[in-house]
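Protein chains: 2
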Amino acid sequence: MLNERKKRILQAIIDEYINSAEPVSSGSIAKKYGLNFSSATIRNEMAELETAGYLDKPHTSSGRVPSDKGYRFYVNELLKDDNLSLEEIKYIQSKLEMKVNNIEELTKITTNTLSEITHYTTVAVGPNPNVQTIEEIKFILLGTRMLMAVILTDSGLVKETIIKFDDDINQEQVDTLSYMFNNKLKGKPLEAIDQPFEEYLFREMKYSVKVIRPIIEQMKKLINDEKDFYLEGTNKVFDLPEFKSLELAKKFINLIDEKDIMLDLLDTGFAQDINIYIGDENDNDQLKDFSIVTFKHRIGNKDVGTIGIIGPKRMNYSKVISVMKYINRKLNDNQTNEENFEQPEEPKEES
Amino acid sequence: MLNERKKRILQAIIDEYINSAEPVSSGSIAKKYGLNFSSATIRNEMAELETAGYLDKPHTSSGRVPSDKGYRFYVNELLKDDNLSLEEIKYIQSKLEMKVNNIEELTKITTNTLSEITHYTTVAVGPNPNVQTIEEIKFILLGTRMLMAVILTDSGLVKETIIKFDDDINQEQVDTLSYMFNNKLKGKPLEAIDQPFEEYLFREMKYSVKVIRPIIEQMKKLINDEKDFYLEGTNKVFDLPEFKSLELAKKFINLIDEKDIMLDLLDTGFAQDINIYIGDENDNDQLKDFSIVTFKHRIGNKDVGTIGIIGPKRMNYSKVISVMKYINRKLNDNQTNEENFEQPEEPKEES
DNA sequence: TTTAGCACTCGAAGGTGTTAACTGCTAAAC
DNA sequence: GTTTAGCAGTTAACACCTTCGAGTGCTAAA
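Just so you know, the sequences run in chain order D and P. Take 20 as the starting number for the first sequence in this note's numbering and just add one per residue. Take 20 as the starting number for the second sequence in this note's numbering and just add one per residue.
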């Protein structure tokens with residue numbers, strides 16, 4: 020649809036705009052980008068690119084700015100691989116090779132690394148609770164009225180919570196609970212800890228509602244809690260020229276403080292590995308001035324979370340995507356080679 | 020030292036400045052604060068208050084602004100009780116009466132409540148690890164190469180961590196570990212999990228360094244981790260007029276992102292219940308434009324954490340202090356009446 | 001001792017002119 | 001037919017004023 024020259028010009032404009040954050044003039048790219056045409060020729064092409072919808076103009080006598088359509092074309096057709104520098108690679112390696120004891124820690128480190136390298140705000144969520152199944156459930160008595168419940172999932176996640184009771188419970192009760200939970204729920208999805216299961220326990224066990232109710236309640240809370248939500252580099256936006264207006268910065272900070280929106284934004288379903296949403300492509304209206312790039316972090320084919328970058332539309336897409344790809348590969352390498360995160364195989368019961 | 024009239028004028032100026040954030044003129048307080056003197060008289064007094072160091076002037080023809088010394092005098096001598104509104108009291112009650120299962124949750128809720136009521140940024144830390152003693156330690160085998168360690172402290176805190184091993188460990192080993200830890204450490208401060216203890220384990224147990232090293236390492240990490248650090252209302256500062264300059268807002272956001280500084284700031288030693296640091300009184304130079312108000316949250320005489328508010332020097336001190344006092348009392352009431360947080364008495368060992 | 005009155009200071013706001021960086025268009029050159 | 005030099009037109013940004021209002025400090029009278 021666009022001839023070669025238009026593509027080159029469009030690419031030059033967007034590259035330039037990503038760098039400078041200022042409307043791009045015909046003259047500047049004629050010089051810098053080694054296009055062997057005069058600025059006048061480029062001006063003509065730019066005018067056509069504008070009518071075709073790839074470019075916008077803040078005002079009559081100003082340079083051009085990419086439109087959402089322009090960015091989309093750029094991302095789909097013009098993106099070139101950004102080769103990471105040796106330092107960047109080393110930095111990522113050193114971060115990801117740190118010994119971690121659980122997935123949460125890994126996600127935290129990854130989120131931080133991504134933010135440090137790209138200088139954008141990074142958000143992450145753990146695996147969707149309703150794709151995980153229960154590997155094992157443990158109950159540990161802490162004192163006479165306090166219990167700790169630990170759930171191991173097939174994603175390798177360990178979730179634990181504390182439950183308090185108004186009455187004493189004893190080890191025998193805990194053992195029975197442990198048997199009932201594991202017998203009934205092993206291999207089931209996390210959501211299997213629900214109302215019907217609670218009713219089942221009421222029927223099958225002699226314990227009062229006073230014991231079972233808080234357990235189920237607290238475990239449901241544990242599962243649906245958004246506590247595995249990570250945010251890094253909030254303050255990075257202050258360095259971007261588009262946020263020199265306090266109004267916008269405030270909006271942005273408030274936006275990423277809204278967990279619901281952020282969770283929604285990372286809930287990319289079963290889409291492919293890297294997803295890009297540019298401006299208006301975002302479902303949420305408040306996000307229309309931003310671009311989001313997300314990727315799913317998997318072990319085998321198990322979803323262990325989604326990590327996303329949220330930044331201005333003139334985001335350095337090629338850098339962001341390169342880093343994401345590299346990190347994704349590294350994560351997979353680490354897991355398969357070092358078996359850091361294999362699932363606990365055949366956990367033994369205490370006799 | 021200051022006569023009654025000067026005190027009244029100083030109070031009026033500071034009250035007004037806390038409200039308006041703008042230099043206060045002689046005329047405005049003559050009118051608003053029912054002082055039966057003309058603006059000229061007040062001007063004379065203001066000039067004297069300025070030479071005495073209680074007031075500053077941004078420029079020759081502007082109104083007056085309180086100095087650090089002025090604020091200090093205000094806080095020490097002029098502060099009146101701010102009676103909380105019924106709505107505020109109800110709001111606090113509803114928040115604090117929520118059933119919580121651990122101290123972390125309570126701290127989180129308290130921090131959030133404090134921020135919502137005062138509209139300032141609130142920070143909190145859990146109890147200082149070196150004032151807590153070990154009540155009990157539990158080890159739970161999760162699979163063959165993964166262990167969960169749970170530490171109960173006398174503050175009622177439950178800290179847990181996951182430890183991974185390169186080789187298998189078995190239940191017998193875990194039982195021995197459990198015996199060794201509890202036998203040696205019960206009643207000791209958290210810091211007793213240290214190098215000498217690690218060496219003691221090496222000597223006394225037949226297990227390889229491969230088992231003991233990661234356990235000690237991870238538990239030390241758990242204890243010294245600043246993970247019980249809470250921050251609420253970061254974005255609230257954007258509503259304050261002093262942060263209309265992006266530069267300052269950026270500074271503030273970066274400042275409270277530095278955990279070290281924040282932890283330092285909350286580390287008020289064994290000082291009295293409510294501490295106020297105004298401007299230059301803060302040790303850290305970066306805090307010289309802010310005021311910090313902290314209070315220690317105790318159960319009995321056990322420190323369970325410190326909560327602080329960080330805001331502009333023209334903070335609404337009387338409101339902040341009233342809310343803190345009220346919350347502090349409420350927390351104590353809840354604990355003593357409902358025995359929500361009594362320590363686990365005489366925990367039973369599984370046989 | 002208090003206060004009215006006044007000269008003085010200063011920042012904020014708004015208006016004006018200039019400049020520089022663009023564009024679009026036209027007509028000539030290739 | 002395509003490209004380009006050249007030029008008029010547009011606009012934001014900036015520096016520079018002026019004006020205005022809200023203050024103060026001081027003096028002299030009450």
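For every residue, glycine included, the Cβ atom is placed at its ideal position computed from N, Cα and C. Only a predicted model underlies this, so the values are computations on that prediction, with no experimental measurement involved.
Beta-carbon proximity list for residue i, same chain, < 7 Å, skipping 5 on both sides
{"i": "residue 256(P)", "result": "140, 262, 268, 271"}
{"i": "residue 37(D)", "result": "333, 335"}
{"i": "residue 24(P)", "result": "64"}
{"i": "residue 299(P)", "result": "87, 307"}
{"i": "residue 42(P)", "result": "77, 81, 82, 83, 84"}
C-beta contact flag for residue i and residue j at 9 Å
{"i": "residue 231(P)", "j": "residue 217(P)", "result": "yes"}
{"i": "residue 328(P)", "j": "residue 339(P)", "result": "yes"}
{"i": "residue 105(P)", "j": "residue 83(P)", "result": "no"}
{"i": "residue 193(D)", "j": "residue 160(D)", "result": "yes"}
{"i": "residue 310(P)", "j": "residue 330(P)", "result": "yes"}
{"i": "residue 108(P)", "j": "residue 345(P)", "result": "yes"}
{"i": "residue 277(P)", "j": "residue 130(P)", "result": "no"}
{"i": "residue 75(D)", "j": "residue 297(D)", "result": "no"}
{"i": "residue 148(D)", "j": "residue 242(D)", "result": "yes"}
{"i": "residue 136(P)", "j": "residue 176(P)", "result": "no"}
{"i": "residue 306(P)", "j": "residue 284(P)", "result": "yes"}
{"i": "residue 154(D)", "j": "residue 179(P)", "result": "no"}
{"i": "residue 238(D)", "j": "residue 168(D)", "result": "yes"}
{"i": "residue 110(D)", "j": "residue 92(D)", "result": "no"}
{"i": "residue 317(D)", "j": "residue 351(D)", "result": "yes"}
{"i": "residue 186(D)", "j": "residue 222(D)", "result": "no"}
{"i": "residue 219(D)", "j": "residue 229(D)", "result": "no"}
{"i": "residue 89(D)", "j": "residue 48(D)", "result": "no"}
{"i": "residue 292(D)", "j": "residue 315(D)", "result": "yes"}
{"i": "residue 265(D)", "j": "residue 264(P)", "result": "yes"}
Cβ neighbour criterion (16 or more within 10 Å) applied to residue i
{"i": "residue 27(P)", "result": "buried"}
{"i": "residue 35(P)", "result": "buried"}
{"i": "residue 22(P)", "result": "exposed"}
{"i": "residue 53(P)", "result": "exposed"}
{"i": "residue 77(P)", "result": "exposed"}
{"i": "residue 301(D)", "result": "buried"}
{"i": "residue 205(P)", "result": "exposed"}
{"i": "residue 173(D)", "result": "buried"}
{"i": "residue 85(D)", "result": "buried"}
{"i": "residue 157(D)", "result": "buried"}
{"i": "residue 39(P)", "result": "exposed"}
{"i": "residue 227(D)", "result": "exposed"}
{"i": "residue 134(P)", "result": "buried"}
{"i": "residue 198(D)", "result": "exposed"}
{"i": "residue 146(P)", "result": "buried"}
{"i": "residue 30(D)", "result": "buried"}
{"i": "residue 79(D)", "result": "exposed"}
{"i": "residue 20(P)", "result": "exposed"}
{"i": "residue 51(D)", "result": "exposed"}
{"i": "residue 374(P)", "result": "No statement about residue 374(P) is possible, as the shown extent of chain P runs from 20 to 370 and does not include it."}
According to DSSP, residues forming a beta bridge with residue i
{"i": "residue 158(P)", "result": "168(P)"}
{"i": "residue 181(D)", "result": "167(D)"}
{"i": "residue 267(D)", "result": "Paired residue(s): none; residue 267(D) is not in a bridge."}
{"i": "residue 89(P)", "result": "Answer is none; residue 89(P) lacks a bridge partner."}
{"i": "residue 310(P)", "result": "297(P), 330(P)"}
Proximal residues to residue i (C-beta, below 6 Å), its chain only, five neighbours per side dropped
{"i": "residue 294(P)", "result": "287, 313"}
{"i": "residue 94(D)", "result": "295, 336"}
{"i": "residue 142(D)", "result": "250, 281, 327"}
{"i": "residue 365(P)", "result": "At residue 365(P) the pLDDT is 43, less than 50, meaning the model places this residue with poor confidence and gives no usable figure here."}
Chain-order list of residues whose beta-carbon lies under 8 Å from that of residue i (same chain, five-residue window excluded)
{"i": "residue 45(P)", "result": "58, 59, 61, 62, 65, 82"}
{"i": "residue 369(D)", "result": "With a pLDDT of only 38 at residue 369(D), under 50, the local geometry of the prediction cannot be trusted, and no value is derived from it."}
{"i": "residue 152(D)", "result": "172, 173, 206, 207, 208, 209"}
Check distances from the C-beta atoms of the stretch 159-188 of chain D to those of chain P and list, in chain order, the residues that come in under 9 Å. For the stretch 159-188 of chain D, the set of positions with a beta-carbon nearer than 9 Å to some beta-carbon of chain P reads 159, 160, 161, 162, 163, 164, 165, 167, 169, 171, 177, 179, 180, 181, 182, 183 in chain order.
Which residues of the stretch 227-259 of chain D have a Cβ closer than 8 Å to any Cβ of chain P? Give them in chain order. Those residues of the stretch 227-259 of chain D that come within reach of chain P (Cβ to Cβ, closer than 8 Å) are 237, 253, 254, 257.
Give the residues from the stretch 117-133 of chain P that approach chain D closer than 7 Å (Cβ to any Cβ), ordered along the chain. Those residues of the stretch 117-133 of chain P that come within reach of chain D (Cβ to Cβ, closer than 7 Å) are 120, 121.
Near-chain D residues of the stretch 262-294 of chain P (beta-carbon distance less than 7 Å), N- to C-terminal order: Here the close residues are 263, 265, 268, 269, 272, 273, 276.
With 8 Å as the limit, tell me which residues of the stretch 142-157 of chain D have their beta carbon closer than that to any beta carbon of chain P; keep them in chain order. Flagged, chain order: 155, 157.
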